[in-house]
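Sequence order for the protein chains is A and B.
The first sequence maps to residues 55 to 284 in the working numbering.
The second sequence maps to residues 55 to 284 in the working numbering.
All C-beta atoms in this analysis are idealised placements derived from N, C-alpha and C, irrespective of residue type, glycine included.
Number of protein chains: 2
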Amino acid sequence: MGGYTRVVAVRARVSSPTAHRLSLYLRELERLAASGRATVSSRQLGVAAGAAEAQVRKDLGVIGTAGLPGVGYVVESLGDAIRAAIGVHRSWRAVLVGAGNIGRALAAYRSFREEGFEIAAVFDADPSVAGRRISGTKVQPMDALAECVRRQEIEIGIIAVPPESAQEVADRLVAAGVQGILNFAPRRVRVPDRVPAIGVDFRAALERLVLEVSQRDEGPVPARRRGRSA
Amino acid sequence: MGGYTRVVAVRARVSSPTAHRLSLYLRELERLAASGRATVSSRQLGVAAGAAEAQVRKDLGVIGTAGLPGVGYVVESLGDAIRAAIGVHRSWRAVLVGAGNIGRALAAYRSFREEGFEIAAVFDADPSVAGRRISGTKVQPMDALAECVRRQEIEIGIIAVPPESAQEVADRLVAAGVQGILNFAPRRVRVPDRVPAIGVDFRAALERLVLEVSQRDEGPVPARRRGRSA
DNA sequence: GTTTGTGAACCGTTTCACAGCA
DNA sequence: TGCTGTGAAACGGTTCACAAAC
Chain A
55 MGGYTRVVAV RARVSSPTAH RLSLYLRELE RLAASGRATV SSRQLGVAAG AAEAQVRKDL
115 GVIGTAGLPG VGYVVESLGD AIRAAIGVHR SWRAVLVGAG NIGRALAAYR SFREEGFEIA
175 AVFDADPSVA GRRISGTKVQ PMDALAECVR RQEIEIGIIA VPPESAQEVA DRLVAAGVQG
235 ILNFAPRRVR VPDRVPAIGV DFRAALERLV LEVSQRDEGP VPARRRGRSA
Chain B
55 MGGYTRVVAV RARVSSPTAH RLSLYLRELE RLAASGRATV SSRQLGVAAG AAEAQVRKDL
115 GVIGTAGLPG VGYVVESLGD AIRAAIGVHR SWRAVLVGAG NIGRALAAYR SFREEGFEIA
175 AVFDADPSVA GRRISGTKVQ PMDALAECVR RQEIEIGIIA VPPESAQEVA DRLVAAGVQG
235 ILNFAPRRVR VPDRVPAIGV DFRAALERLV LEVSQRDEGP VPARRRGRSA
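In structure tokens, the structure reads:
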């Protein structure tokens, strides 16, 4: 430990698996809040997120929240704490690049808006698409991207273009000054360290699934396996 | 029983992080194959997938492929080996449930078809949607799901419905006999152990991104980093 | 009784380093 | 020389177990 006496702040580093689970806890908390529950136990959050209860307590410890022994966590304040920790306590401005099938689906995606995530503008390289409206936003040509990002202080770029152009779009978004990228193209994009990029890769997800199905199918899986191939 | 050296099979268990990287290697291999390259080094695959070169060699060792010291791996045969290992060497039949924005985008998704992933039927709970066609497939009412899965020997179910109905759809898919589920609803679904379910959660991805952006912003970050990534 | 917070053990993955081969 | 294959060490995350708090 660093020698700070821990006071108020929650400046702890949140690991990636923890971050993912925090999202899941938040969903459960929202459900509970809607149904009027006042407190939750780590066990219940664990069930909802598929995590062990000790794991839940560790995770919540990381973001600096405390529970009441014998009672659990206060639903409302824990929700606020998680939102603050992952940054969804405020709204974010984004641009969407790519007005194809996926782009249109994202523009209409309910959960984004509910989370304070606003798609301020849509761009597409195809001139025949520019000018049309999707979800009430007019599609603009790529030339307008950089100025739009600067003028409207856009923070997030969403890539929903074919894999061939993903890297180029990423470069333009970074050059325009976005602070983070959400990439829906099945291609890893290279970005500077200061700009985090998270990929949502349908194809990779499908491949993971198919692998698991195959593994389930064939081997009843020899229970223990040490050293030698059997 | 154990103790004998049995050489042939490649029935090794593939861990989840390895599975994900195999997908990425495969993409790079396809690019290389298209551009006529005959061999690759572990280093080059590592750069493409964001992994260390020793990591690449370990991964490829797991699926039983061997490289040539001083030369690398043969692009074509390595591609085949990975495809066989993750199960995309053959085609898979799937049904899509949910003909909303995301469902329609998925039905049209190029990479699925390219990977031998065939969406054999589409279902929707909304009777006013049933009967319409998306991507050339007629949308059917939910009643028809179970029989379709059985009759057409469907292996994979894709969930693209609002979170409120995700669990119910998952239950029906499992009851109908699918072997795996790809879930695009932002809600974890509970399924029996024998049926793997992989979630693709846009909202969670967004939350991870926002967290990273926040962390970059505030903490100058103790910076302990090597390697490069530009 | 219940449930939290946390050090310590555990486990799988990643990285290192180097022998061996082309 | 260039590159693979692989033990061994390092790392980080998860689980365990239990004392403390309600």
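Tell me residue i's beta-bridge partners as DSSP assigns them.
i: Pro195/B; result: Asp178/B
i: Thr72/A; result: Note: Thr72/A sits in no beta bridge, so no partner.
i: Phe166/A; result: None, per the DSSP bridge assignment.
i: Phe238/B; result: Its beta-bridge partners do not exist; DSSP assigns none.
i: Val128/A; result: Thr93/A
i: Ala135/B; result: DSSP output for Ala135/B lists no bridge partner at all.
i: Leu122/B; result: Gly126/B
i: Leu150/A; result: Val176/A and Ile212/A
i: Ile188/A; result: Thr191/A
i: Phe171/B; result: Trp146/B
i: Gly140/B; result: Reading off the sequence, residue 140/B comes out as Ile, not Gly. Its beta-bridge partners do not exist; DSSP assigns none.
i: Gly231/B; result: Partner(s): none; Gly231/B has no beta bridge.
i: Gly100/B; result: DSSP lists no partner for Gly100/B.
i: Ile252/A; result: Leu236/A
In whole angstroms, what separates the C-alpha of residue i from that of residue j?
i: Arg204/A; j: Arg147/A; result: 12 Å
i: Ala214/B; j: Ile212/A; result: 20 Å
i: Gly157/B; j: Phe238/B; result: 9 Å
i: Phe171/A; j: Glu84/A; result: 17 Å
i: Arg280/B; j: Val101/B; result: Confidence at Arg280/B is low in this model, with a pLDDT of 35, below 50, so the placement of that residue should be treated as unreliable; the coordinate-derived value is given next. Spanning the two alpha carbons is a distance of roughly 14 Å.
i: Glu266/A; j: Arg186/A; result: 42 Å
i: Asp271/B; j: Ala161/A; result: 26 Å
i: Leu99/B; j: Met196/B; result: 44 Å
i: Ser219/B; j: Val151/B; result: 11 Å
i: Glu82/B; j: Ala179/B; result: 40 Å
i: Gln269/A; j: Ile188/A; result: 42 Å
i: Leu199/A; j: Val245/A; result: 18 Å
i: Ala106/A; j: Ala92/B; result: 47 Å
i: Leu260/B; j: Tyr79/A; result: 15 Å
i: Val149/A; j: Ile173/A; result: 5 Å
i: Arg242/B; j: Val125/B; result: 45 Å
i: Phe177/B; j: Val223/B; result: 10 Å
i: Asn155/B; j: Asn155/A; result: 8 Å
i: Arg60/A; j: Pro217/B; result: Low confidence applies here, because Arg60/A scores a pLDDT of 36, under 50, leaving its location unreliable and the question unanswered by this model.
i: Thr119/A; j: Arg262/B; result: 19 Å
i: Gly191/A; j: Gln109/B; result: Note that residue 191/A is Thr in the sequence shown, not Gly. The alpha-carbon atoms of Thr191/A and Gln109/B are separated by roughly 45 Å.
i: Ala159/B; j: Ala159/A; result: 7 Å
Please identify the residue among the options whose C-alpha is closest to the C-alpha of residue i.
i: Ser165/A; options: Arg67/B, Ala258/B, Val193/B and Val68/B; result: Ala258/B
i: Pro123/A; options: Val94/A, Ser131/A and Gly104/A; result: Val94/A
i: Glu207/A; options: Gly234/A, Ile188/A, Pro216/A and Val68/A; result: Gly234/A
i: Ile369/A; options: Pro240/A, Gly133/A, Glu169/A and Gln194/A; result: Residue 369/A is absent from the structure shown; chain A starts at 55 and stops at 284.
i: Glu201/A; options: Ser131/A, Leu227/A and Thr119/A; result: Leu227/A
i: Ala229/B; options: Ile210/B, Val183/B and Pro240/B; result: Ile210/B
i: Val264/B; options: Val128/A, Gly190/A and Ser145/A; result: Ser145/A
i: Ala251/B; options: Leu236/B, Glu130/B, Val142/B and Lys112/B; result: Leu236/B
i: Ala139/B; options: Gly90/B, Val183/B, Gly190/B and Arg67/B; result: Arg67/B
i: Asp113/B; options: Phe256/B, Asp255/B and Pro71/B; result: Pro71/B
i: Val128/A; options: Val183/A, Gln109/A and Gly90/A; result: Gly90/A
i: Glu130/A; options: Ser69/A, Ala87/A, Gln194/A and Ala175/A; result: Ala87/A
i: Pro240/A; options: Arg75/A, Gly253/A and Thr119/A; result: Gly253/A
i: Arg137/B; options: Ala175/B, Arg248/B, Pro181/B and His74/B; result: His74/B
What does residue i touch in chain A if you count any residue whose Cβ is under 7 Å from its own?
i: Pro240/B; result: Ser165
i: Gly231/B; result: Near Gly231/B there are no residues of chain A at all, since even the closest Cβ is about 13 Å away, more than 7 Å.
i: Ala337/B; result: Because chain B spans 55 through 284 in this model, residue 337/B falls outside it and cannot be assessed.
At a CB-CB cut-off below 8 Å, which residues of chain A make contact with residue i?
i: Ile188/B; result: In chain order: nothing, as chain A lies at least about 10 Å away.
i: Ser77/B; result: Asp255, Arg257, Ala258, Glu261 and Arg262
i: Ile156/B; result: Ala159 and Tyr163
i: Ala198/B; result: Under the 8 Å cutoff, chain A gives no residues; its nearest Cβ is about 23 Å from Ala198/B.
Residue i versus chain B: which residues are under 8 Å apart at the beta carbon?
i: Glu169/A; result: Arg257, Leu260 and Glu261
i: Glu68/A; result: The displayed chain sequence assigns Val, not Glu, to residue 68/A. Under the 8 Å cutoff, chain B gives Leu265 and Gln269.
i: Ala88/A; result: By Cβ distance, chain B contributes nothing, its closest Cβ being about 12 Å from Ala88/A, past 8 Å.
Find the residues of chain A that neighbour residue i, judging by a C-beta separation of less than 9 Å, and give them in chain order.
i: Arg81/B; result: Pro217, Pro240, Arg241, Arg242, Arg257 and Ala258
i: Ala175/B; result: The premise fails here: Ala175/B is roughly 17 Å from chain A at the closest Cβ pair, so nothing lies under 9 Å.
i: Ala184/B; result: Those within 9 Å of Ala184/B in chain A number zero; the least Cβ separation is about 20 Å.
i: Ala179/B; result: Result: empty, since nearest Cβ-Cβ is about 17 Å, beyond 9 Å.
Going along chain B, which residues have a C-beta under 7 Å from residue i?
i: Leu227/A; result: Chain B residues near Leu227/A: none, gap ~13 Å exceeds 7 Å.
Listing by chain order, which chain B residues have their CB less than 9 Å from the CB of residue i?
i: Gly234/A; result: Leu263, Val264, Glu266, Val267 and Arg270
Worksheet item: When Cβ atoms are compared, which residues of the stretch 240-264 of chain A fall closer than 9 Å to chain B?
Response: Result list: Pro240, Arg241, Arg242, Arg244, Val245, Pro246, Asp247, Arg248, Val249, Pro250, Ala251, Ile252, Gly253, Val254, Asp255, Phe256, Arg257, Ala258, Ala259, Leu260, Glu261, Arg262, Leu263 and Val264.
Worksheet item: Any residues in the stretch 95-127 of chain B with a beta carbon nearer than 8 Å to a beta carbon of chain A? Which ones, in chain order?
Response: Within the stretch 95-127 of chain B, contact with chain A at the beta-carbon level (separation under 8 Å) is assigned to Ala102, Ala103 and Gly104.
Discussion item. Taking beta-carbon pairs under 8 Å, can you tell me which members of the stretch 201-213 of chain A lie near chain B?
Written reply: Residues Glu209 and Ile210.
Worksheet item: Quick one, which residues of the stretch 131-152 of chain A are near chain B if we go by CB-CB under 7 Å, in chain order?
Response: If the cut-off is 7 Å between Cβ atoms, the stretch 131-152 of chain A has Ile140, Gly141, Val142 and Trp146 near chain B.
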